[in-house]
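**Q** Below you'll find the structure I mean.
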Amino acid sequence: MPAGTIYTCPMHPEIRQVGPGNCPKCGMALEPELPSEHVDDSELRSVRRKFWISLALSIPVVLVAMAPHMLNLAISHSTASNLRWLELLLSAPVVLWAAGDYYKRGWMGVMHRAPNMYTLIGLGVCIAFGYSLVATFLPHVFPAELRDGHGMVGVYYEVASSIVTLVLLGEWLELRARGRTSAAIRQLLGLAPKTARRIEADGTEHDVPLGHVHAGDKLRVRPGEKIPVDGVVVEGNSSVDESMLTGEPMPVEKSAGDAVTGATINQTGGLIVEAQRVGAESLLSQIVTMVAQAQRSRAPLQRLADQVAAWFVPAVIVIAIATFIVWWFVGPDPKLAYALVNAVAVLIIACPCALGLATPISIMVASGRGAQQGVLFRDAQAIENLRNIDTLVLDKTGTITIGRPTLDRVIALNGYSESQVLSWAAGLDRASEHPLARAIVTGAEQRKVQLATVTGFQSVTGQGVRGQADGHELALGNKALMSNVGASIDTLAEQIADLRSEGKTVVFLSVDGRLAGAIAVGDAIKETTPSALQALKQDGLRLVMLTGDNETTARAVAKHLAIDEVIAEVQPQDKANVIAKLQSQGRRVAMAGDGINDAPALAKADVGIAMGTGTDIAMESAQVTLVKGDLTGIVRARHLSRATVKNIRQNLFFAFGYNALGIPIAAGVLYPFTGWLLSPMLAALAMSLSSVSVISNALRLR
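Quick note: the sequence shown uses full-length UniProt numbering, first residue 1, plus one each step.
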C-alpha cells in the first residue's frame, strides 16, 4: 500500500488512521479505506500461519488430555505428571504467542470502554490457562475433592489451545470472505491502464506511468489501447467501446472535440487526446470512491445492532459470573471445575462478532454488486430507503429523453426527395452552432446523406439561415423566415400540428422562394424508458414528470408513457419545493434527474437518483447514480435494496438467535434435564461458524 494510505474498520467506519492496525472498539484488523487493485493479504497470511502452527500443537494436546479417559487407561503418577508437562509445553506457544493479538485487542476495548469479542475470548482463554497453571504448580491450594488419586487437579490446557486455534480458523475464513467483498472495487480499478503515451512539447513521445499524467497533457491512443484518462479528442477519428459506462455493445464514433472517458477502449483509429480529469477527478476514480464510501457507511438497521452491542459484552460477563456462582453453589462435584468450564463456555460462545458484521457485510456486498450492475449507492441509507419509496419524480430532458435534439423525420414536397431536402438543410446548418442545426447535420451523416456545398451563408436572427447551393436560393428556418421569402406552409398545417403535439420542433426549407419540405427535430425518448417506467409502475410506484419544459411538449412525451402526473414549466429553484410538497402529503419520494437544475431536488428527495450521463453536480447531490443513465437501473436498484434489507434481517436473526440459543446452553440450563454440557472447545467452534455463516449469507447477494 502507498505511504499515507487511510485504513478503517469494517464494523466501525468512523475509525480511521494512517497505516494498518486494529480497531480500538472491536479489535478487528483495519483495512484500506479504498482497496488497491492488488490485494494486500499479509494479515490473512499471518493468521493462516498461526492457525496451522496452533493446529499442529493443539491436536497432540487434545489427544494427550482425552486419550486416557476415552480408552480407560490406568496410568502411573509419573506418567500423568509427564503428560501434564507435555500439555503445558505444547499449549504455551499457542496461548502466549498465537493469541497475543487477541489479548491486545481485548484490552484495547476495555481501555476505550468498549469491551469487544476479543475481550470475551481473551478472558476465557486466560481463565482456562491460568487455572491450569495454578493446578499444575500449586495443586495443594485446591480442596481435596478436586484432586485425584495422584494428588493432581484437572487442567484445561486443551481447552485454552483449542479455543485459540478455532478462533484463528474463524478469523482466517472471515478475512478470506471479507476479501471477496472488495472484488468489485478491484475489478473497477483493474479497468484503468497502467501507462499512457505522452506527447512532449518538442513532439517526442514516450510511455509514462498513469500517475505522472497531468491535466493539459497530450496523449496518443493507438488502436486497441485503453484511453488513459478523461479528456477531449484534439486530433484523429476512431470508434470507442464505451460499454464499461453505457452497457451498450455498439462503439461510439469519436472525432476532434468529442469527450472521451478513461478506461474505455479505442478500437479502429488513432487519437490524440488532451487530458482533462486525471487521478481522483476521473470518472472511474469517482465511481470507485462512491462504491467504497457506500461499503463503509452504516444503514439505519445497524442502529439496533449497535444498541444491543453496547450492552452485550458487559451482560455476557455478568452471565458468565452468574453461571460460575450457580455451579459453585448448586452444581455437582467437582463444583469448581464445573463452574469454571461453563463460565468459560459462556464467554466464548457469546462472541459479538456475528452481530457486529450482520449489517456491514451485507452493505459491502450489495454496494459491490450494484456497481457491477451500473448502480452506485453513495451510502447504506440509500440502499435501505429505496425499497420504501412510493413516488418517483422524473426530470424529462436527459432522464426520460436522450437529452439532446435528434433528427426525427424529413418531409419532402413539390417533387424533391427526402435525401435532397436533408442534403440542402444539413449543408446550410453545417456552419451553425445551434443545437437544432447540429441535430440535422448529425442526422444527415447518420443517414449517409452527402451534405450540399453552400455559399453565401447568412444567419437571420430569430428566423433561420440562408445561402446558395446547386444554383438555387435556399432558406431554412421557422414560419417567419418562410413568410419573408414568400413560401407558404399551409399545405403542411395538419402534419405540423401532429408533430408539435408529439413535442417535435419543425423547421422549413424553401428553394427559390417555394416550400420544398420540412424537418422535424425532437428529443427522443430513450429506448429503454417505456419498459422501465412500466416495470416501476407495476412495482407500485406513482410516477410524476417534473420539467421546466412547456406544458404541451411535456404532455406529448408523457402521453406515450406510464406517467401518472405531469408538472411542467417549473423553475429550477422550485423543483425542490415540489418535492417538499409531495413529502408533506406523507409520500416517500425519490427524484431522478441529470442536470445542475435538478441538484436541489435530488438533495431534497428521500432518495436522489442521478443519471451517470448527466452533470457532476447532479451526481454529487444524489445518493444513487445510474452509470448508464438508464431508468432500468432503478428497477435493478429496487430489487437489490429489497434483497439487501432482507439479507441484513436474516443476518441479525442468525446473530441474535445464535446467542439467544447458545448462551443458555453454554451456561448449562439443559444439564438438569439431559445431562448435556457444552464444552468450551465446541463453544469456540460454534462462535467461529456463526461469523462465517453471517458472511456466507451476505455473499449470496453477489
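Glycine included, every Cβ here is placed at the ideal spot set by N, Cα and C.
1. Just grab the DSSP bridge partners of I272 for me.
2. Ordered along the chain, which non-local residues of its own chain (more than five positions away) have a Cβ less than 8 Å from that of L115?
3. What does a CB cutoff of less than 6 Å around T246 pick up in its chain, not counting 5 residues either side in sequence?
4. Per DSSP, residue 705 forms a beta bridge with which residues?
5. Under 8 Å, with one C-beta from each stretch per pair, do the region 507-523 and the region 461-479 reach the 3-pair mark?
6. Which residues does DSSP list as the beta-bridge partners of V313?
7. Here's a check: name, in chain order, each residue in its chain whose Cβ is nearer than 8 Å to the Cβ of E565, leaving out the five neighbours to either side.
8. Within its chain, find whatever has a CB closer than 6 Å to the CB of R277; leave out the 5 residues flanking it on each side and keep chain order.
9. Please go through the same chain and pick out, in chain order, the residues whose beta-carbon is closer than 8 Å to the beta-carbon of Q463, but skip the five residues on each side of it.
10. Would you call the region 404-421 and the region 434-447 touching, i.e. three or more CB-CB distances under 8 Å?
11. What did DSSP end up calling T264 once you bin it into helix, strand or coil?
12. Between the beta-carbon of G270 and the beta-carbon of R197, is there less than 8 Å?
13. Can you tell which of W424, T455, Q458 has its C-alpha closest to the C-alpha of E445?
14. Starting from the Cα of C162, find the closest Cα among T399, H214, A92 and give me that residue.
15. Using a Cβ-Cβ cut-off of 6 Å (strictly less than) and excluding sequence neighbours within five positions of T401, which residues of its own chain qualify?
16. Got a sec, what are the start and stop residues for the beta strand (DSSP E) E551 sits in?
17. Do G216 and V232 have their C-beta atoms closer together than 8 Å?
18. Classify R277 as helix, strand or coil using the three-state DSSP reduction.
19. Count Cβ pairs between the region 588-595 and the region 385-397 that sit closer than 8 Å; are there 3 or more?
20. Does the distance from the C-beta atom of V240 to that of I265 stay below 8 Å?
21. Can you give me the Cβ contacts of D539 inside the same chain, cut-off strictly under 6 Å, excluding the 5 residues immediately before and after it?
22. Please report how far the alpha carbon of P32 lies from the alpha carbon of N22, in whole angstroms.
23. So which of A380, I348, V346 has the shortest CA-CA distance to S362?
24. Please check the pair V365 and L699, which I expect to be a contact at CB under 8 Å, by giving their CB distance rounded to whole angstroms.
25. For T455, which residues does DSSP report across the bridge?
26. In the structure shown, what three-state DSSP assignment does K581 receive?
27. Distance, Cα to Cα, G203 vs L219?
28. For F324, collect the residues of the same chain with a Cβ closer than 8 Å to its Cβ; drop the 5 residues on either side in sequence, then sort them by chain order.
29. Quick check on the burial criterion: 16 or more other C-beta atoms within 10 angstroms. Buried or exposed for L283?
30. Among the candidates Y118, V208, L661, E281, whose CA atom is the shortest distance from the CA of M28?
31. Apart from the five residues on each side of it in sequence, which residues of its chain come closer than 6 Å, Cβ to Cβ, to A592?
32. In whole angstroms, what is the alpha-carbon distance linking K646 and N697?
33. List the residues that DSSP assigns as beta-bridge partners of D230.
34. What number of angstroms, rounded off, separates the C-alpha of L631 from the C-alpha of E569?
35. Taking only three categories from DSSP, how would you classify V627?
36. Helix or strand or just coil, what does DSSP make of Q17?
**A** Based on what the coordinates show:
1. Position 272 of the sequence shown, counting from 1, holds the residue named residue 272. Per DSSP, R220, E235.
2. By one-based count along the sequence shown, residue 115 stands at place 115. Residue identity check: residue 115 is Pro in the sequence provided, not Leu. Excluding positions up to five away in sequence, the list reads G106, G109, V313, P314, I317.
3. In the sequence shown, residue 246 corresponds to position 246, counting from 1. In this predicted model, T246 has a pLDDT of only 45, less than 50, meaning its place in the structure is not dependable; the value taken from the coordinates is given anyway. Excluding positions up to five away in sequence, the list reads K628.
4. Here the chain comprises residues numbered 1 to 702, so residue 705 is not present and cannot be evaluated.
5. yes
6. The residue given as residue 313 occupies position 313 in the sequence shown. Bridge partners of V313: none, in fact.
7. Here the question's residue 565 lines up with position 565 in the sequence shown. Cβ within range, chain order: R542, L543, V544, M545.
8. Stepping through the sequence shown from its first residue, residue 277 is reached at position 277. Excluding residues within five positions, the ones whose Cβ falls inside 6 Å are D230.
9. Within the sequence shown, residue 463 is the residue found at index 463, counting from 1. Cβ neighbours of Q463 beyond the five flanking positions: G477, N478, A480, L481, N484.
10. yes
11. Locating residue 264 in the sequence shown gives position 264, where the first residue counts as 1. Of the three classes helix, strand and coil, the one that applies to T264 here is coil, per DSSP.
12. Taking the sequence shown and counting its residues from 1, one reaches residue 270 at position 270. Taking the sequence shown and counting its residues from 1, one reaches residue 197 at position 197. For G270 and R197, no; Cβs fall outside 8 Å.
13. Here residue 445 is taken as the residue at index 445 of the sequence shown, counted from 1. Ranking the options by Cα distance to E445, first place goes to W424.
14. Looking up residue 162 in the sequence shown gives position 162. What sits at residue 162 in the sequence shown is Ser, not Cys. Checked all of T399, H214, A92; the closest Cα to S162 is A92.
15. Residue 401 sits at position 401 when you count from the first residue of the sequence shown. Excluding residues within five positions, the ones whose Cβ falls inside 6 Å are D523, I525.
16. Here residue 551 refers to the residue found at position 551 when the sequence shown is read from its first residue. First-last for E551: 551-558, but that is the alpha helix (DSSP H), not the beta strand (DSSP E).
17. Numbered from its first residue, the sequence shown carries residue 216 at position 216. Numbered from its first residue, the sequence shown carries residue 232 at position 232. Not in contact: G216 and V232 (Cβ atoms no closer than 8 Å).
18. As a working note, residue 277 is residue 277 in the sequence shown. DSSP places R277 in strand when its eight states are reduced to three.
19. yes
20. Taking the sequence shown and counting its residues from 1, the one referred to as residue 240 is at position 240. Taking the sequence shown and counting its residues from 1, the one referred to as residue 265 is at position 265. The answer is yes: Cβ separation under 8 Å.
21. Walking along the sequence shown from the start, residue 539 turns up at place 539. So no residue of the chain qualifies.
22. In the sequence shown, residue 32 corresponds to position 32, counting from 1. In the sequence shown, residue 22 corresponds to position 22, counting from 1. Rounded to the nearest angstrom, the two C-alpha atoms are 12 Å apart.
23. Indexing the sequence shown from 1 puts residue 362 at position 362. Checking every option, the nearest Cα to that of S362 belongs to A380.
24. For the purposes of this step, residue 365 is taken as residue 365 along the sequence shown, with counting starting at 1. For the purposes of this step, residue 699 is taken as residue 699 along the sequence shown, with counting starting at 1. V365 to L699, Cβ: 6 Å. Contact.
25. Working through the sequence shown from its first residue, we reach residue 455 at position 455. BP columns for T455 point to Q468.
26. Within the sequence shown, residue 581 is the residue found at index 581, counting from 1. Here K581 sits in helix by DSSP.
27. As a working mapping, residue 203 is identified with position 203 in the sequence shown. As a working mapping, residue 219 is identified with position 219 in the sequence shown. Going from the Cα of G203 to the Cα of L219 covers about 11 Å.
28. As a working note, residue 324 is residue 324 in the sequence shown. Hits under 8 Å: A339, L340, N342, A343.
29. Sequence index remark: in the sequence shown, residue 283 carries index 283 (1-based). Result: buried.
30. Here the question's residue 28 lines up with position 28 in the sequence shown. Of Y118, V208, L661, E281, the residue nearest in Cα terms is Y118.
31. The residue you call residue 592 lines up with position 592 of the sequence shown. Closer than 6 Å at Cβ, skipping near neighbours: L394, T399, I609.
32. In the sequence shown, counting from the first residue as 1, residue 646 sits at position 646. In the sequence shown, counting from the first residue as 1, residue 697 sits at position 697. K646 and N697: Cα-Cα distance of roughly 11 Å.
33. Here residue 230 refers to the residue found at position 230 of the sequence shown. According to DSSP, which records beta bridges pairwise, D230 is partnered with R277.
34. Counting from one through the sequence shown, the residue named residue 631 turns up at place 631. Counting from one through the sequence shown, the residue named residue 569 turns up at place 569. Cα-Cα distance, rounded: 23 Å.
35. Sequence index remark: in the sequence shown, residue 627 carries index 627 (1-based). Note: V627 maps to coil in three-state DSSP.
36. By 1-based counting over the sequence shown, the position of residue 17 is 17. Strand, per DSSP.
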